[in-house]
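Here the sequence shown is numbered in our numbering, starting from 74 and rising by one per residue.
Virtual Cβ for every residue (Gly too), placed ideally from N, Cα, C.
None of the values given here were measured: they were computed from a predicted structure.
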Amino acid sequence: MDALKRANGIRTARAQLKKDLKAGRVSIQDLLDSPPDYVLTAKVFDMLLAVPKYGRVKTNRVLNQCRISPAKTIGGLSERQRKEMVSLLRR
74 MDALKRANGI
84 RTARAQLKKD
94 LKAGRVSIQD
104 LLDSPPDYVL
114 TAKVFDMLLA
124 VPKYGRVKTN
134 RVLNQCRISP
144 AKTIGGLSER
154 QRKEMVSLLR
164 R
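Below, the structure written as structure tokens:
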């Protein structure tokens, strides 16, 4: 039961984060620079989709340019991938 409560809390926090990304209250660059613990297991692809003006095609293009698999999690990004993606998204 504790694991279920923890999982539901993480899902709720991620849903709120996606709403904040869509509303512009949180920037994806800040999220990638210093991700909270509950986002480390989230897929980079899913978080980019929550950003306004980023659909599947643009998200896949960004991931391909940075040589990142769509299945990669935020916590699994290497330092090079993280820096490259943040600099690309700041343009």
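Item, Value
"Taking the straight line between their C-alpha atoms, what separation do you get for ALA76 and THR85?", "14 Å"
"Give me the residue from LEU161, ARG87, SER160, MET158 with the minimum Cα distance to VAL112.", "ARG87"
"In the DSSP output, which residue or residues are listed as bridge partners for THR146?", "LYS116"
"Have a look at ALA123 and MET158 and give me their C-alpha separation to the nearest angstrom.", "16 Å"
"In chain order, what residues of the same chain lie with their CB nearer than 8 Å to the CB of VAL99, ignoring the 5 residues before and after it?", "LEU90, ASP93"
"For THR132, I'd like the list of residues in its chain whose CB is within less than 7 Å of its CB, leaving aside the five on either flank, ordered along the chain.", "PHE118, LEU121, LEU122"
"Can you tell me which of the three DSSP states ALA123 falls into?", "coil"
"If you check the beta carbons only, do LEU136 and LEU105 fall under 9 Å apart?", "no"
"Put VAL159 into one of helix, strand or coil per three-state DSSP.", "helix"
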